[in-house]
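Peer 1:
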Amino acid sequence: MEHPQTIAELGELGLLKRLFRYCPGDVIGDDGAVVALPPGRHLVVTTDVLVEGVHFSDRTTPAAAVGWRAVAANLSDLAAMGATPEGITVGLSLPGHTPLAWVEGLYQGMADCLNRWGGVVLGGDLCRADAVSVAITALGSVDPQRALYRSQAQPGQAIVVTGYHGLSRAGLELLLHPDRGTEVAQADRDRWIAAHQQPQPRLDAIAALWQVLGADADARAIAVMDSSDGLANAVLHLCQSSGVGAVLQESDLPIDGALVDWVGRSQALDWCLYGGEDFELVLCLPWPQAQALQAALGKGCAIVGETTVATRVELWPDDRAAPVVLSFSQGFQHFD
Numbered sequence: 001m002e003h004p005q006t007i008a009e010l011g012e013l014g015l016l017k018r019l020f021r022y023c024p025g026d027v028i029g030d031d032g033a034v035v036a037l038p039p040g041r042h043l044v045v046t047t048d049v050l051v052e053g054v055h056f057s058d059r060t061t062p063a064a065a066v067g068w069r070a071v072a073a074n075l076s077d078l079a080a081m082g083a084t085p086e087g088i089t090v091g092l093s094l095p096g097h098t099p100l101a102w103v104e105g106l107y108q109g110m111a112d113c114l115n116r117w118g119g120v121v122l123g124g125d126l127c128r129a130d131a132v133s134v135a136i137t138a139l140g141s142v143d144p145q146r147a148l149y150r151s152q153a154q155p156g157q158a159i160v161v162t163g164y165h166g167l168s169r170a171g172l173e174l175l176l177h178p179d180r181g182t183e184v185a186q187a188d189r190d191r192w193i194a195a196h197q198q199p200q201p202r203l204d205a206i207a208a209l210w211q212v213l214g215a216d217a218d219a220r221a222i223a224v225m226d227s228s229d230g231l232a233n234a235v236l237h238l239c240q241s242s243g244v245g246a247v248l249q250e251s252d253l254p255i256d257g258a259l260v261d262w263v264g265r266s267q268a269l270d271w272c273l274y275g276g277e278d279f280e281l282v283l284c285l286p287w288p289q290a291q292a293l294q295a296a297l298g299k300g301c302a303i304v305g306e307t308t309v310a311t312r313v314e315l316w317p318d319d320r321a322a323p324v325v326l327s328f329s330q331g332f333q334h335f336d
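So the sequence shown is numbered by the UniProt record's numbering: it starts at 1 and just counts up by one.
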């Protein structure tokens with residue numbers, strides 16, 4: 001078997017030459033990229049880091065999927081701000097023994113996601129390290145009158161979730177324990193694994209939002225956040241930033257019926273609320289517009305509750321016995 005070429009064998013300059021082909025020729029080669037913004041728009045900047053062993057591994061995520069997910073995480077944040085992608089920069093740390101084919105697969109995955117959703121690779125930096133990490137900074141542009149924030153929710157608004165939650169966690173479970181999914185239909189397996197390896201940033205939902213609201217709508221009446229750290233986490237952050245509370249209905253949560261059939265209602269509910277990495281959006285907006293957005297987005301989009309004057313977040317179970325009070329301590333925290 002032929003020995004795969006490593007980046008140490010190729011060298012930094014040789015690797016850079018290989019990676020330049022993923023970037024526009026007119027912005028690569030200087031100490032920085034000069035990027036023109038469309039007239040009348042503001043710059044939106046977001047950064048996300050993926051670390052080997054924390055966010056991905058060869059067991060669950062091939063190189064192209066790492067690249068796609070790294071870009072999608074940033075584009076999801078841009079979507080939550082109402083921004084259009086303009087480009088990304090890539091900070092890549094690698095051990096010298098990393099195969100060249102893995103790095104090229106990583107960049108191909110990035111390029112595929114950008115080709116689908118917008119933006120280009122503007123440049124970046126390389127560094128030797130003991131483990132692989134991919135740090136991406138994404139640049140977007142937004143009409144300042146259409147910039148969306150977490151802090152704009154008002155009491156009495158509907159809470160809209162743009163798609164099913166728990167699917168990425170289900171896909172991860174299938175990848176880690178393939179024997180557990182023997183009874184799962186192939187179409188569902190493929191869908192859940194794709195949700196984990198190739199999540200779709202919901203820029204389409206923002207386009208639909210503005211179609212529903214109309215050109216003269218006021219963004220100050222809307223609060224938005226992406227749900228990559230879990231649905232419960234997103235609702236809690238929106239409420240905390242806006243100084244409101246929320247009442248959620250368990251029966252309205254966007255949970256895939258096939259997932260309930262596989263792992264049971266309790267586990268599916270936990271993955272919906274806390275599984276993370278679904279890269280959907282959570283929005284707070286007036287009820288008529290929320291209902292119109294739900295109709296426009298269709299299957300998977302759900303109105304899950306309402307914001308309240310009280311500042312706590314309650315989840316009412318299907319049996320209506322008593323609410324569960326949600327808190328940040330129940331979800332994923334990086335340094336716990």
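Backbone N, C-alpha and C fix where the C-beta goes; we use that ideal spot for every residue, glycine too.
Just mark W287 as buried or exposed, buried being the case when its beta carbon has 16 or more other beta carbons within 10 Å.
Peer 2: By the 10 Å Cβ count, W287 comes out exposed.
Peer 1: Using 10 angstroms around the beta-carbon of P201, count the other beta-carbons present and answer buried if the total reaches 16, otherwise exposed.
Peer 2: Buried, by the Cβ-count rule.
Peer 1: Could you give the first and the last residue of the continuous beta strand (DSSP E) run that contains G171?
Peer 2: That residue, G171, is in no beta strand (DSSP E); its alpha helix (DSSP H) goes 167 to 176.
Peer 1: How many angstroms separate the CA atom of D336 from the CA atom of D216?
Peer 2: Note on D336: pLDDT 46, under 50, position unreliable in the model; the coordinate value appears next. Rounded to the nearest angstrom, the two C-alpha atoms are 44 Å apart.
Peer 1: One question on the structure: do V120 and P199 come within less than 8 Å of each other, judged by their Cβ atoms?
Peer 2: Cβ distance not < 8 Å, so V120 and P199 don't count as in contact.
Peer 1: Have a look at the DSSP bridge pairing and note the partners of Q157.
Peer 2: According to DSSP, which records beta bridges pairwise, Q157 is partnered with nothing at all.
Peer 1: Pull the bridge partners of I88 from the DSSP assignment, please.
Peer 2: DSSP lists V121, A138 as partners of I88.
Peer 1: What does E52 pair with, by DSSP beta-bridge criteria?
Peer 2: According to DSSP, E52 bridges with F56.
Peer 1: Are the CB atoms of A290 and A158 nearer to each other than 8 Å?
Peer 2: Going by C-beta atoms, A290 is nearer than 8 Å to A158.
Peer 1: Label Q249 either buried or exposed according to how many other C-beta atoms from any shown protein chain fall within 10 Å of its C-beta, with 16 as the threshold for buried.
Peer 2: So Q249 ends up on the buried side.
Peer 1: In whole angstroms, what is the alpha-carbon distance linking G214 and I7?
Peer 2: Going from the Cα of G214 to the Cα of I7 covers about 51 Å.
Peer 1: Once the 5 residues before and after H334 are set aside, which same chain residues still bring their CB inside 8 Å of it?
Peer 2: Confidence at H334 is low in this model, with a pLDDT of 41, below 50, so the placement of that residue should be treated as unreliable; the coordinate-derived value is given next. Cβ neighbours of H334 beyond the five flanking positions: none.
Peer 1: Who are the Cβ neighbours of D130 in its own chain at under 7 Å, not counting the five residues just before and after it?
Peer 2: Result list for D130: P95, in chain order.
Peer 1: Out of curiosity, what's the CA-to-CA distance linking D179 and W271?
Peer 2: Answer to the nearest angstrom: the Cα atoms are 19 Å apart.
Peer 1: Can you tell me where the beta strand (DSSP E) holding D226 begins and where it ends?
Peer 2: Run containing D226: 223 to 226, per the beta strand (DSSP E) assignment.
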